[in-house]
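The working numbering puts the first residue of the sequence shown at 181, with every later residue one more than the last.
Idealized CB from N, CA, C, for every residue including glycine.
Treat the numbers as computed from the prediction; the structure is a model and nothing was measured.
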Amino acid sequence: MKLRSLRIQSFRGFKDQTTVKFGDGVNLIIGHNGAGKSSVLNAVEWCLFGRDVEKTASGLHGRMAWEVQHRDSKLATIVRLVFETEEGNLTITRTRPADAKRTTPDGFEIVLPNSDVLADDAAENWLADAGFPSWPEWRSSYCQHQEAARDRLIEKEPRMVSLAALLGLDEVASLRGILESVKLVTGKRTLKNARESINDELVELLEITSGLDEAAASIEQLGLRAAAVTKKSALEYAQTMLQEARELKRELGLDIEMPKSFSTIAEAVKWARAWRSAVRQDPGRLAELTELRGKKGVIEAILTTIEPLTKRVSEAERRLEEAISKQGERDNLEERVEAAQEKVREVNDLRKSNDQLHALLNDVVEIFDDNPTDICPVCESEISNLPEKAKKRLIGSETDVAKGLDRLLSDAQSVVQSEEEKLEIFESLEAQMVAATKSLKSAIAELVELFPTEESNDLLPAARKAQERLVRAVARLEKLESQRDAALDQHSMLGDRLSAMGTYLEALGKDSHRVDVKSLPGYQLYESAQESLAALISDTEALMLLAKDMQKTFSDERLAAVNKTLGNYFSMITGEQNAEARRMKVISRATAKRIDYQIVDSNESPLIPVLNQAALNAISMAMLFAQSEDASGGGPRLLVLDDPEQSLDSEHVNGLARAIETVAINCPVLVGATPGRLAERIEDFAACEKNVVTLGQWDPASGATIT
């Protein structure tokens with residue numbers, strides 16, 4: 181049997197008629213705070229259980245001030261559920277008139293798959309016969325209420341119901357139902373009226389007792405014994421804190437007013453909370469720490485720079501002197517470069533003259549080739565064998581003279597290159613010398629600014645002495661700073677203890693004024709009715725003892741399997757390496773009249789009192805998931821989770837998402853969540869089907885809406 185749709189009208193946050201479709205796997209109801217997520221989930225259980233969820237005995241204290249109908253709606257409240265069964269659709273509808281009084285009964289109707297219609301008591305009885313859960317079964321195995329997740333473990337009775345259901349004691353539960361049905365109608369009504377009267381008178385007293393238990397648990401968790409806490413001891417504790425604070429004030433040189441003593445614990449707690457921030461705002465002697473650190477850093481940076489700069493200057497001077505000793509002064513180098521360059525120019529001029537002569541001779545030879553003669557065409561003198569001599573001269577200008585000039589030019593150019601390279605090296609050494617000297621002068625100038633009264637020869641010693649003084653001063657103040665931080669951390673821890681003492685003593689004071697139950701008028705009526713049913717009670721107790729033996733036998737057989745399943749889900753939520761997952765287990769302990777169940781560690785000591793909120797929520801979820809595997813054979817397959825990621829960090833939320841996905845493979849899950857990590861993880865599910873319903877922003881005019 182699976183829930184397929186929900187129709188809401190004038191219920192809680194929903195004003196107008198709204199329909200929500202559900203599918204297999206995970207049905208994610210996502211919306212911001214106040215958007216109506218809880219209204220959707222609450223509508224399911226209100227349709228099934230009606231006024232049971234609004235009563236004092238519902239187990240949900242917040243429901244006593246619950247308003248079912250939308251305040252601004254004039255319409256009747258209607259919630260309709262449609263379940264899919266093998267025979268067809270099953271429709272369940274609960275209605276409440278717009279002007280209904282608190283005592284006005286709801287309209288309740290069921291339309292069966294064969295179209296038969298059942299109403300009111302007949303419909304209620306059909307639900308029980310069809311395997312639908314009772315209200316306690318719904319709370320333990322079908323639904324996680326965000327206002328009661330912690331109570332599932334902290335309060336004894338809900339824990340007993342949940343663990344018994346986890347062990348699958350359905351037959352024993354049925355036997356208990358039969359025993360409860362064997363009753364005298366008048367006696368039952370009288371006892372019911374008396375019990376409600378007592379409950380109404382004890383609501384505030386129960387809340388006081390719960391507050392005392394929580395305060396005592398907080399005291400124990402902080403390393404104190406609740407039994408040893410008194411007003412005197414708490415004020416002495418506060419006085420010790422005050423004395424330690426005075427010593428810290430003196431050491432730090434703080435300008436903070438201090439009380440002389442405390443007359444009340446509340447006054448001491450208020451001072452303790454304000455002291456830490458007051459110390460942080462008044463640095464006292466630590467005010468100069470930042471400035472001293474800055475000066476120390478500047479001097480250390482300068483001194484660290486000066487030493488390598490001095491070495492660079494010395495090295496540059498040495499290399500420059502070596503170059504001068506080998507190559508001479510810069511002026512001599514420049515003169516040699518100029519002389520070598522002049523030699524190159526002279527050789528080039530000779531080559532040019534030879535080239536001109538060669539051209540002239542070539543012209544003469546060409547003339548003689550055309551007209552051989554011994555008469556010189558220039559001076560008209562007669563020279564024997566003139567053409568042959570001209571040719572020899574032409575050949576000589578092409579070979580011997582040209583080669584000689586080429587050698588002279590190459591030698592001259594080599595001299596120029598060598599001398600220029602020497603000059604470049606010299607200029608590079610000079611540049612290095614100038615740069616190193618400039619940097620050194622700059623660093624020294626910074627020292628002069630820091631120590632203007634010191635002579636130049638005393639600058640470095642003065643700087644080193646100042647550095648030593650600053651190192652000592654900074655170390656002293658940093659030690660004082662560390663002592664201050666440690667003292668404030670200690671103060672914070674002591675302040676938490678003092679606050680817990682005050683809370684405990686306040687709860688203890690209220691608890692001491694509780695009214696004797698037997699003095700209440702309702703108790704007298706209850707006691708009278710109880711005596712009239714003594715015989716029936718005696719017979720019932722005998723049968724209950726028989727049921728206890730059955731319960732003991734069955735629970736012993738189931739414990740190992742249940743512990744494995746519970747451990748698997750808890751490990752899935754918290755992580756495989758979680759210590760609680762390795763040592764948590766459920767055990768049964770028989771008393772004279774009943775079987776009690778406890779969650780213990782490996783030493784079989786109660787585990788619940790030492791766990792934090794996240795671990796408690798994780799165990800509560802693990803129990804619910806384990807129970808959902810066995811819940812309701814013929815009834816609906818359904819698990820409802822309202823804002824389940826409370827008090828869980830991102831790693832636990834990831835584990836919770838894995839657990840939800842595992843459960844959803846076999847059982848449809850309705851999850852109400854705000855946009856965030858859990859919703860994102862659910863939307864990424866791949867192992868099961870998912871259906872996402874997104875709620876819009878709350879609108880005062882139209883109420884909750886689906887986008």
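Exercise. Ignore the nearest five residues each way along the sequence and tell me which others in Leu678's own chain have a CB closer than 8 Å to its CB.
Key: Ala414, Tyr417, Ala418, Met421, Ile445, Ala448, Val449 and Ala452
Exercise. Compare the beta carbon distance of Val596 and Ala503 with 9 Å and say whether it is the shorter of the two.
Key: The beta carbons of Val596 and Ala503 sit no closer together than 9 Å.
Quiz prompt | Same chain, Cβ closer than 7 Å to Lys195, five either side skipped, listed in chain order | solution = Excluding residues within five positions, the ones whose Cβ falls inside 7 Å are His250, Asp252, Ser253, Ser882 and Gly883.
Quiz item: Which residues mark the beginning and the end of the beta strand (DSSP E) in which Gln877 is found?
Solution: Counting along the chain, Gln877 falls outside any beta strand (DSSP E), and DSSP gives it neither H nor E.
Practice problem: Check whether the segment 480-492 touches the segment 671-687, counting contact only when three or more Cβ pairs, one atom from each stretch, lie closer than 8 Å. | Solution: no
Quiz item: Would Pro816 pass as a contact of Val851 if the rule is Cβ separation under 9 Å?
Solution: no
Quiz item: Closest to Ile799 by CA distance: which of Val651, Ser594, Met752 and Met613 is it?
Solution: Met752
Quiz item: What separation, rounded to the nearest whole angstrom, lies between the Cα atoms of Asn748 and Lys201?
Solution: 31 Å
Quiz item: Is it the case that the Cβ atoms of Asp301 and Gly287 are separated by a distance below 9 Å?
Solution: no
Quiz item: CB Thr271 to CB Val259, shorter than 9 Å?
Solution: no
Quiz prompt | Span separating the alpha-carbon of Leu796 from that of Glu648 | solution = 56 Å
Self-check item: According to DSSP, residues forming a beta bridge with Ile290
Solution: Beta-bridge pairing by DSSP links Ile290 to Ile272 and Leu298.
Quiz item: From Leu909 to Ala866, what does the alpha carbon distance come to, in whole angstroms?
Solution: No answer is possible for residue 909: it lies beyond the span of the chain, which begins at 181 and ends at 887.
Exercise. Please determine, among Ile779, Val790, Asn871 and Lys440, the residue with the shortest C-alpha to C-alpha distance to Glu394.
Key: Ranking Ile779, Val790, Asn871 and Lys440 by Cα distance to Glu394 puts Val790 first.
Self-check item: 8 Å contact criterion, which Leu746 and Ala802 should meet: CB distance rounded
Solution: 5 Å
Quiz item: What span of residues does the beta strand (DSSP E) with Leu261 cover, start to end?
Solution: Going by DSSP, Leu261 is part of the beta strand (DSSP E) stretching over Thr257 to Glu264.
Quiz prompt | Presumed contact (8 Å Cβ cut-off) between Val654 and Lys476, rounded CB distance | solution = 6 Å
Self-check item: Nearest neighbour of Glu784, chosen from Asn792, Ala794, Gln793 and Ser768 [CA to CA]
Solution: Ser768
Quiz item: What separation, rounded to the nearest whole angstrom, lies between the Cα atoms of Asp309 and Leu819?
Solution: 20 Å
Quiz item: At which residues does the beta strand (DSSP E) containing Asn207 begin and terminate?
Solution: Val206 to Ile210
Quiz item: So which of Gln663, Leu392 and Asp549 has the shortest CA-CA distance to Val409?
Solution: Looking from the CA of Val409, the closest CA among Gln663, Leu392 and Asp549 belongs to Leu392.
Quiz prompt | Gln807 (DSSP reduced to helix, strand or coil) | solution = When DSSP states are grouped into helix, strand and coil, Gln807 belongs to the helix group.
Quiz item: Should Thr198 go down as buried or exposed, given a rule of 16 or more other Cβ atoms within 10 Å for buried?
Solution: Flag for Thr198 reads buried.
Quiz item: Helix, strand or coil for Arg251 per DSSP?
Solution: coil
Self-check item: Test item: CB-CB of Leu668 and Val459 under 9 Å
Solution: yes
Exercise. Please report the residue range of the beta strand (DSSP E) in which Val766 lies.
Key: Lys765 to Ala770
Exercise. Return the first residue and the last residue of the beta strand (DSSP E) that Ser185 is part of.
Key: Lys182 to Gln189
Quiz item: Can the beta-carbon of Ala425 be found less than 9 Å from the beta-carbon of Met438?
Solution: yes
Self-check item: Per-residue burial, Pro892 [other beta carbons within 10 Å of its own, 16 or more giving buried]
Solution: Only positions 181 to 887 of the chain appear in this structure, which leaves residue 892 out of reach.
Practice problem: Would you tell me roughly how many angstroms separate the C-alpha atoms of Glu264 and Val220, rounded to the nearest one? | Solution: 19 Å
Quiz item: Which residue comes first and which comes last in the alpha helix (DSSP H) that contains Gly835?
Solution: Where Gly835 is concerned, the enclosing alpha helix (DSSP H) stretches over Ser830 to Ala844.
Quiz item: With respect to the beta strand (DSSP E) encompassing Gly403, which residues constitute its N-terminal and C-terminal limits?
Solution: From DSSP, Gly403 is part of no beta strand (DSSP E); its letter is neither H nor E.
Practice problem: Check the C-beta distance from Glu607 over to Ile482 and give it rounded, since I have them as a contact under 8 Å. | Solution: At roughly 30 Å, the Cβ-Cβ gap does not stay under 8 Å, so Glu607 and Ile482 are not in contact.
Quiz item: Which residue's Cα is closest to the Cα of Gln877: Asn871, Leu836, Arg861 and Thr854?
Solution: Thr854
Quiz item: For Asn213, does the count of other Cβ atoms within 10 angstroms reach 16, so buried, or fall short, so exposed?
Solution: exposed
Exercise. Buried or exposed for Arg664, please, with buried defined as at least 16 other CB atoms from any protein chain shown within 10 angstroms of its CB.
Key: buried
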